[in-house]
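Undergrad: Protein chains in written order, with full-length UniProt numbering: chain A, 1 to 475; chain B, 1 to 475. Even glycine gets a Cβ: it sits at the ideal position worked out from N, Cα and C. This structure is a prediction, so every number in the text was calculated from the model and none was measured.
There are 2 protein chains.
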Amino acid sequence: MPDALPPDGLLADLSALLGPAGLLTDAADIAPALSDWRGLYQGRAMAVLRPASTDQVAACVKLCVAAGVPIVPQGGNTSMVGGATPSEDGRAVILSLARMNRIRALDPVDMTMTAEAGVVLKIAQDAAADCGCLFPLSLGAEGTATIGGVLSTNAGGNTTVRYGNARDLMLGLEVVLPDGQVWNGLRRLRKDNTGYALRHLFVGAEGTLGIVTAATLRMFARPRANEVLFCSVRDEDAALSVFRRFRETDETAIRAFEYMSGVGVDFAVKHIPGVTLPVAERADHYILVDLASTRADADLQGLAEQVLGAAMEEGEVIDAVVGGSEAKRTAIWRIREEHPEAQRKEGASVKNDVSVPVSKVPELIRRASAACVALIPGTRPVPFGHMGDGNIHMNLEQPVDMDPAAFLARSHDIMDTVNEVVRELDGSFSAEHGIGRLKTDMMESWRGGAELSTMQRIKSALDPAGLMNPGKVLP
Amino acid sequence: MPDALPPDGLLADLSALLGPAGLLTDAADIAPALSDWRGLYQGRAMAVLRPASTDQVAACVKLCVAAGVPIVPQGGNTSMVGGATPSEDGRAVILSLARMNRIRALDPVDMTMTAEAGVVLKIAQDAAADCGCLFPLSLGAEGTATIGGVLSTNAGGNTTVRYGNARDLMLGLEVVLPDGQVWNGLRRLRKDNTGYALRHLFVGAEGTLGIVTAATLRMFARPRANEVLFCSVRDEDAALSVFRRFRETDETAIRAFEYMSGVGVDFAVKHIPGVTLPVAERADHYILVDLASTRADADLQGLAEQVLGAAMEEGEVIDAVVGGSEAKRTAIWRIREEHPEAQRKEGASVKNDVSVPVSKVPELIRRASAACVALIPGTRPVPFGHMGDGNIHMNLEQPVDMDPAAFLARSHDIMDTVNEVVRELDGSFSAEHGIGRLKTDMMESWRGGAELSTMQRIKSALDPAGLMNPGKVLP
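1. May I ask you to list, following chain order, the residues of the stretch 187-201 of chain A that have a beta carbon less than 9 Å from some beta carbon of chain B?
2. Check distances from the C-beta atoms of the stretch 421-435 of chain B to those of chain A and list, in chain order, the residues that come in under 9 Å.
3. Considering Cα atoms alone, identify which of A:273, A:327, A:189, A:233 is closest to residue 281 of chain A.
4. Taking 7 Å as the CB-CB limit, is residue 2 of chain A close to chain B?
5. If contact means a Cβ-Cβ distance below 9 Å, which residues of the stretch 433-466 of chain B contact chain A?
6. Report back the beta-carbon spacing between residue 428 of chain B and residue 199 of chain A to the nearest angstrom; my notes put them in contact at under 8 Å.
7. Assuming the contact rule is C-beta atoms closer than 8 Å, residue 153 of chain B and residue 433 of chain B should be a hit. Round their C-beta distance to whole Å, please.
8. Would you list the one or two residues that DSSP bridges to residue 384 of chain A?
9. Does the contact criterion of 3 or more C-beta pairs under 8 Å hold for the stretch 53-73 of chain A versus the stretch 85-95 of chain A?
10. Expressed to the nearest angstrom, what Euclidean distance is found between the alpha-carbon atoms of residue 128 of chain A and residue 81 of chain A?
11. Please check if any C-beta of chain A sits within less than 7 Å of the C-beta of residue 156 of chain B.
12. Spatial neighbours of residue 151 of chain B within its chain, please: C-beta separation below 7 Å, excluding the five flanking residues on both sides.
13. Count the other CB atoms within 10 Å of the CB of residue 400 of chain B; is the residue buried (16 or more) or exposed (fewer)?
14. Tell me which same chain residues have a C-beta within less than 7 Å of the C-beta of residue 452 of chain A, skipping the five on either side of it?
15. Distance check for residue 115 of chain A and residue 237 of chain A, CA to CA, integer angstroms please.
16. I'd like to confirm the pairing. Which residues does DSSP put opposite residue 254 of chain A in its beta bridges?
17. Run down chain A in chain order and give the residues with a C-beta less than 9 Å from the C-beta of residue 357 of chain B.
18. Are the C-beta of residue 316 of chain B and some C-beta of chain A separated by less than 7 Å?
19. What does DSSP give as the partner residues of residue 286 of chain A in its beta bridges?
20. Which residues in chain A have a C-beta closer than 9 Å to the C-beta of residue 407 of chain B? List them in chain order.
21. Would residue 362 of chain A and residue 390 of chain A qualify as a contact pair, given that the criterion is a beta-carbon distance under 7 Å?
22. Just grab the DSSP bridge partners of residue 481 of chain A for me.
23. If you measure between the beta carbons of residue 293 of chain A and residue 225 of chain A, is that distance less than 7 Å?
24. So, is the C-beta of residue 391 of chain A closer than 7 Å to a C-beta in chain B?
25. Along the stretch 233-248 of chain A, what residues have a CB closer than 9 Å to any CB found in chain B?
26. For the beta strand (DSSP E) that contains residue 354 of chain A, what are its first and last residues?
27. Chain B beta carbons: is any one of them nearer than 7 Å to that of residue 115 of chain A?
28. Compare the C-beta of residue 468 of chain B with all C-beta atoms of chain A and state if any pair is closer than 7 Å.
29. Using a Cβ-Cβ cutoff of 7 Å, what residues of the stretch 289-310 of chain A are near chain B? List them in chain order.
30. Output the boundary residues of the beta strand (DSSP E) element that contains residue 107 of chain B.
31. Taking residue 104 of chain A as the reference, which of A:405, A:53, A:93 has the closest Cα?
32. What residues in the stretch 200-217 of chain A have a beta carbon less than 8 Å from any beta carbon of chain B?
33. Could you give the C-beta distance for residue 157 of chain B and residue 178 of chain B, rounded to a whole number, given that I count them as a contact under 8 Å?
34. What are the boundary residues of the alpha helix (DSSP H) that residue 330 of chain A is part of?
35. Any idea which residues DSSP pairs residue 218 of chain B with across the strands?
36. Is residue 321 of chain B close to chain A? Criterion is C-beta to C-beta, closer than 7 Å.
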């Protein structure tokens, strides 16, 4: 099938608007934008638009809408669910925010940053640090993911337990609406009760209600004390108990609380050069605790000793290592961060980004692991992630002797098996990655009825022609 | 004008549905629900419905919608902006959530509470404390305001600087939609990216998009250390500087940071029995700093001494008192909490609930005060409130010799004068009280264009007949 023919004149109009740097139509130039980084989808598009200003985005939207051409907004293209990949029909254009990469304002008194959508997350973090502040959103793709993308997916990451999701770090938005109007909602206010909270509607909408072009973000005081602990623990319940102990003792000191399975840590040690087990003996369950405080004299080591001492007495913690130096803290974090890469090197794996109430994390890990092993004997569960906010990446590694393709062919069965447990535990089938294309067909079953019909009413009201990132989020 | 005649059969159907305890039609019984507690409005209504369950609320909505009768939801009826008062035409019914006052679930591991809309805020706070946790939302009306009301207005209060607004304390909602469908979104998840964030649309919508019947709320660890400071400071800039010092030194310890003017404290000392000035000499500017930590050994006195010592050296802080005992902490807070009552006793006053970026609070206080004095010579500015999140109650007390009624007749001029300054400082004309009836006519000027038209599209999509709390929020 040839690519859909561009509507008469649209490309010419876009070219006149955007200039040569702003419009890509050569197949080789647009190829990287057509597939997602997990390699789940391969779409087509007639062009990649690269507007350099909000006005240009608005003009692009107006031209495309007039021509009836769908628009797929794209930031760093790091979606885990194909949220920024066009469909196969080739009718759409991709609208890249990459050139909108200015930090418009930074204020260390207000502790706000106004950044355009194409600013890479890492750049935003660095800009905050440069003015003595902290922008705390932190996730694996932070060197590529953009502010527009992390807001449109309401990204989570490692520090949610302390600072919240992307949504919670956002005070205001600038959005190009589906009719090409620009809504300037870049308010930098901590309190503003003046009508419906539109900004919260666009965060997490994955570009289906409009295009986020800039955001005003919250910054925080820079921590002056930091400590990272790595512990082997008795079991999943013990891991949760240690979390509760830290929360009870010093709630705000917990910057991250991560669970890892013995198998997952084995993979990291086996496959990732330089990764070693920090504790003396292998265990079936580990935790990573990142403690931080703005108070230079916070005595986080003392806090750690107090909590871990009590937990060891109860047999919850088997062994523990306190980072102590920056290098050791980094080394501990690497064990956790290399989990996806280690799983990739070990073979085929199926990913599940799920959440449950915090109290049910141990049950989730146990039951979902057992159910998947029962489904495909030999499957190796590799649950890991953000125990402190109930978000476990309930990943499954193929059996040692199985053909990777045969294992991946069972992906949907595996996901269904995990999700059945998640549902029984009042959880969510997408904790932090969103819906994209991957999970639209699950919306009816999980969010059907009044909730989905309300979403659809909103979609129809704001985007009656259905041209904003079609095929994403809603079935 | 007689009350509008009830549509045939509606009251009979409602009576059959709700029983005698659930339907009030006698004028004496419904009178308290017809006016707001500030006394700004006096509405009429054909009945007060008092459903006892979500199903009953849904059935009420269906019956009223079928009859074309507007519904005004009402919680504790403590709106500052007439948000729960029916119009004068008498066509509406009031739907009170007062009987839906169960706490359905409390979980100290998940740190969540699921409470029905009619639960009084103070009761929710106490329930959290009873299971060893904290529900931090705290405001003057907490003994009367309800969970449904504080969410529907996205209430703020004293602890926003640390814990956020009501919105930030909510994980899930149960809502009866304008078509009578029940949306059960009572999820107790910290991460859940599955479509549009409907819950954030209903929070702050003041009942115009549906009726919140229950909510799942976040709880926090209970602080074990607490200290309250009262300081006289050089000027508004010094007050802000002290805030920045505390934030830089121990961001999470600041539970509240309140500004008070010398005139406001004078009124409290003059009119409120038992209130005395804690520092030796009167000043023109004061601050109250509430410090708290879950860590029992947090040494908040040491923190206070460190920060105040540095601020005194710079001449920012003139004098300071550290509470030390529970009784003294309460006495300090009373000075701040009695501000509205003291202003009432002093004479007529005009209230402005406004916010600006935190960095602009000093300028707001100075410029708005000067502008109001220029407008009506002798006017006594009494700015006070939540400096830490940029929300100042920019109140104006009548001149000593002026007739109160004559002063109040200038209310709109005064509000316009304050708001002109607020607008120039990129602020908001309603920080935490919402829009209600009082400020609907300001929406066009402040939120007009793409923002207001998007709100109106959403309203039309969800409530096409316009029967949910008509005349509120949207012009």
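TA: In this structure, then:
1. 187, 188, 189, 190, 191, 192, 193, 194, 195, 196, 197, 198, 199, 200, 201
2. 426, 427, 428, 429, 430, 431, 432, 433, 434, 435
3. As a first step, residue 281 of chain A must be located in the first sequence, where it is residue number 281. The shortest Cα separation from residue 281 of chain A among A:273, A:327, A:189, A:233 belongs to A:233.
4. Residue mapping note: residue 2 of chain A aligns to position 2 of the first sequence, counting from 1. Because the pLDDT at residue 2 of chain A is just 43, under 50, the model does not fix this residue reliably, and the value given afterwards should be weighed accordingly. No, no contact with chain B.
5. 433, 434, 435, 439, 442, 443, 446, 447, 449, 450, 451, 452, 453, 454, 455, 457, 458, 459, 460, 461, 462
6. Within the second sequence, residue 428 of chain B is the residue found at index 428, counting from 1. Within the first sequence, residue 199 of chain A is the residue found at index 199, counting from 1. At roughly 13 Å, the Cβ-Cβ gap does not stay under 8 Å, so residue 428 of chain B and residue 199 of chain A are not in contact.
7. One-based indexing of the second sequence puts residue 153 of chain B at position 153. One-based indexing of the second sequence puts residue 433 of chain B at position 433. Yes, residue 153 of chain B and residue 433 of chain B are in contact; Cβ-Cβ is about 7 Å, under 8 Å.
8. Locating residue 384 of chain A in the first sequence gives position 384, where the first residue counts as 1. According to DSSP, residue 384 of chain A bridges with A:260, A:393.
9. Output reads yes: the stretch 85-95 of chain A touches the stretch 53-73 of chain A.
10. For the purposes of this step, residue 128 of chain A is taken as residue 128 along the first sequence, with counting starting at 1. For the purposes of this step, residue 81 of chain A is taken as residue 81 along the first sequence, with counting starting at 1. For residue 128 of chain A and residue 81 of chain A, the distance between alpha carbons rounds to 29 Å.
11. One-based indexing of the second sequence puts residue 156 of chain B at position 156. Yes, contact with chain A.
12. In the second sequence, the residue the question calls residue 151 of chain B occupies position 151. Closer than 7 Å at the Cβ level, and outside the excluded window around residue 151 of chain B, lie 166, 170, 203, 212, 215.
13. Taking the second sequence and counting its residues from 1, the one referred to as residue 400 of chain B is at position 400. Exposed.
14. In the first sequence, residue 452 of chain A corresponds to position 452, counting from 1. Around residue 452 of chain A: 443, 444.
15. Taking the first residue of the first sequence as 1, we reach residue 237 of chain A at position 237. Taking the first residue of the first sequence as 1, we reach residue 115 of chain A at position 115. Rounded to whole angstroms, residue 237 of chain A to residue 115 of chain A spans 41 Å at the Cα level.
16. On the first sequence, residue 254 of chain A is found 254 positions in, with the first residue counted as 1. Looking at the DSSP assignment, residue 254 of chain A forms a beta bridge with A:291.
17. The residue you call residue 357 of chain B lines up with position 357 of the second sequence. By Cβ distance, chain A contributes 107, 109, 110, 112, 187, 188, 189, 190.
18. As a position in the second sequence, residue 316 of chain B is number 316, starting the count at 1. For residue 316 of chain B, the answer is no, since every Cβ of chain A falls outside 7 Å of its Cβ.
19. Within the first sequence, residue 286 of chain A is the residue found at index 286, counting from 1. According to DSSP, which records beta bridges pairwise, residue 286 of chain A is partnered with A:232, A:260.
20. Counted from its first residue, the second sequence places residue 407 of chain B at position 407. Within chain A, no C-beta atom comes nearer than 9 Å to that of residue 407 of chain B; the closest sits roughly 26 Å away.
21. Here residue 362 of chain A corresponds to residue number 362 of the first sequence, with the count starting at 1. Here residue 390 of chain A corresponds to residue number 390 of the first sequence, with the count starting at 1. No, they are not a contact pair.
22. Because residue 481 of chain A is not part of the residues shown, which for chain A are 1 to 475, the question remains open.
23. Here residue 293 of chain A refers to the residue found at position 293 of the first sequence. Here residue 225 of chain A refers to the residue found at position 225 of the first sequence. For residue 293 of chain A and residue 225 of chain A, yes; Cβs fall inside 7 Å.
24. Numbered from 1 along the first sequence, position 391 holds the residue referred to as residue 391 of chain A. It does: the Cβ of residue 391 of chain A has a partner Cβ on chain B nearer than 7 Å.
25. 240, 244, 247, 248
26. For this step, residue 354 of chain A is matched to residue 354 along the first sequence. In the DSSP annotation of this structure, the continuous segment of the beta strand (DSSP E) that includes residue 354 of chain A starts and ends at 353-355.
27. Locating residue 115 of chain A in the first sequence gives position 115, counting from the first residue. False, the Cβ-Cβ gap to chain B never drops below 7 Å.
28. Here residue 468 of chain B is taken as the residue at index 468 of the second sequence, counted from 1. Taking Cβ atoms only, chain A never reaches closer than 7 Å to residue 468 of chain B, which makes this a no.
29. 294, 295
30. Within the second sequence, numbered from 1, the residue matching residue 107 of chain B stands at position 107. Its beta strand (DSSP E) spans residues 103-107.
31. Here the question's residue 104 of chain A lines up with position 104 in the first sequence. Selected option, being the one with the closest Cα: A:53.
32. For the stretch 200-217 of chain A, which is checked against every Cβ of chain B, the residues closer than 8 Å are 200, 201, 203, 204, 205, 209.
33. Indexing the second sequence from 1 puts residue 157 of chain B at position 157. Indexing the second sequence from 1 puts residue 178 of chain B at position 178. In fact, because the Cβ distance is near 29 Å, the residues do not count as touching under 8 Å.
34. Reading the first sequence from its first residue, position 330 is the one you call residue 330 of chain A. That run of the alpha helix (DSSP H) goes 326-337.
35. Indexing the second sequence from 1 puts residue 218 of chain B at position 218. Looking at the DSSP assignment, residue 218 of chain B forms a beta bridge with B:112.
36. The count along the second sequence starts at 1 and reaches residue 321 of chain B at position 321. It does not; no Cβ of chain A falls within 7 Å.
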